[in-house]
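Structure, as structure tokens:
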């Protein structure tokens, strides 16, 4: 049973470009969560999605950030017009029912030049 | 919302000694408390969790304790080994569709 998959593992973007981060949850998991981790800091919740629905987006910045989890395909975290402060590791997690017992992916390390 | 505080931020122990990491939470509705281990360059991995109807849970060399009255919970690692070196995160959630809130993390170094 494959774990949570994220791609790309590393992403380099110049200021003003768009970044698209993908997350494929574990088989049978319909709940997905995105977190951001800055160097030497903890995991900051961004958004909680269920298939085709956003359950909680209280941690998402109001501008430039969006997330989706379509009926088919991976969950996508999209960052438009990236700035240097967006450089971080972005982790996706998934679960079967609700936020308990989340399994994390390996993360995408975003570097904005 | 929930606020989880974790300490210490760094911890060095000699191989074979015990390590204790402590967390407090603010939301009395929280009833699920997982602990994650994150190795360098990897995603966090769930190592143990405890629910509010239980005061203590053990799994080999690791144990978690929960004091609901004081809103404290702790991770205990006995007979530490070099491979225990990692960052450990505590977390809390009220359950249901409520998000999980993480502590800041503790960097544990086990010295051979």
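Protein chains in written order, with the numbering used here: chain A, 85 to 197; chain B, 796 to 907.
Note that CB positions come from ideal geometry on N, CA and C, so glycine has one too.
Predicted model only: the values in this text are computed from it and were never measured.
For a test of the three-state rule: what should DSSP assign to residue 829(B), helix, strand or coil?
Along the second chain, read from residue 1 onward, the residue named residue 829(B) stands at position 34. Three-state DSSP puts residue 829(B) in a strand.
Beta-carbon separation of residue 99(A) and residue 166(A) under 8 Å?
On the first chain, position 15 is the one that residue 99(A) refers to. On the first chain, position 82 is the one that residue 166(A) refers to. Taking 8 Å as the Cβ cut-off, residue 99(A) and residue 166(A) qualify as a contacting pair.
By the criterion of Cβ-Cβ separation under 7 Å, what are the contact partners of residue 165(A) in chain B?
As a first step, residue 165(A) is located in the first chain; it is residue number 81 there, counting from the start. Per Cβ cutoff of 7 Å: no residues; residue 165(A) is ~27 Å from chain B at best.
Residues bridged to residue 188(A) by DSSP?
Counting from one through the first chain, the residue named residue 188(A) turns up at place 104. According to DSSP, residue 188(A) bridges with 177(A).
Looking only at C-alpha atoms, which of 140(A), 150(A), 132(A) sits nearest to residue 179(A)?
Sequence index remark: in the first chain, residue 179(A) carries index 95 (1-based). Of the listed residues, the one whose Cα sits closest to residue 179(A) is 132(A).
Around the Cβ of residue 181(A), are there at least 16 other Cβ atoms within 10 angstroms (buried) or fewer (exposed)?
Reading the first chain from its first residue, position 97 is the one you call residue 181(A). With fewer than 16 other Cβ atoms within 10 Å, it is exposed.
N-terminal and C-terminal residue of the beta strand (DSSP E) that residue 799(B) is part of
Taking the first residue of the second chain as position 1, residue 799(B) is located at position 4. Looking at the DSSP string, the run of the beta strand (DSSP E) that includes residue 799(B) is 799-802.
Pull the bridge partners of residue 152(A) from the DSSP assignment, please.
For the purposes of this step, residue 152(A) is taken as residue 68 along the first chain, with counting starting at 1. Residue 152(A) pairs with 160(A).
Which residues mark the beginning and the end of the beta strand (DSSP E) in which residue 116(A) is found?
Indexing the first chain from 1 puts residue 116(A) at position 32. 115-121 is the extent of the beta strand (DSSP E) around residue 116(A).
From which residue to which residue does the beta strand (DSSP E) around residue 816(B) run?
As a position in the second chain, residue 816(B) is number 21, starting the count at 1. From DSSP, the beta strand (DSSP E) with residue 816(B) extends over 814-820.
By the DSSP assignment, the beta strand (DSSP E) with residue 776(B) in it spans what residues?
Nothing about residue 776(B) can be read from this structure; chain B reaches only from 796 to 907.
Please state whether the Cβ-Cβ distance between residue 839(B) and residue 127(A) is less than 8 Å.
Your numbering for residue 839(B) matches position 44 in the second chain. Your numbering for residue 127(A) matches position 43 in the first chain. Cβ atoms of residue 839(B) and residue 127(A): closer than 8 Å.
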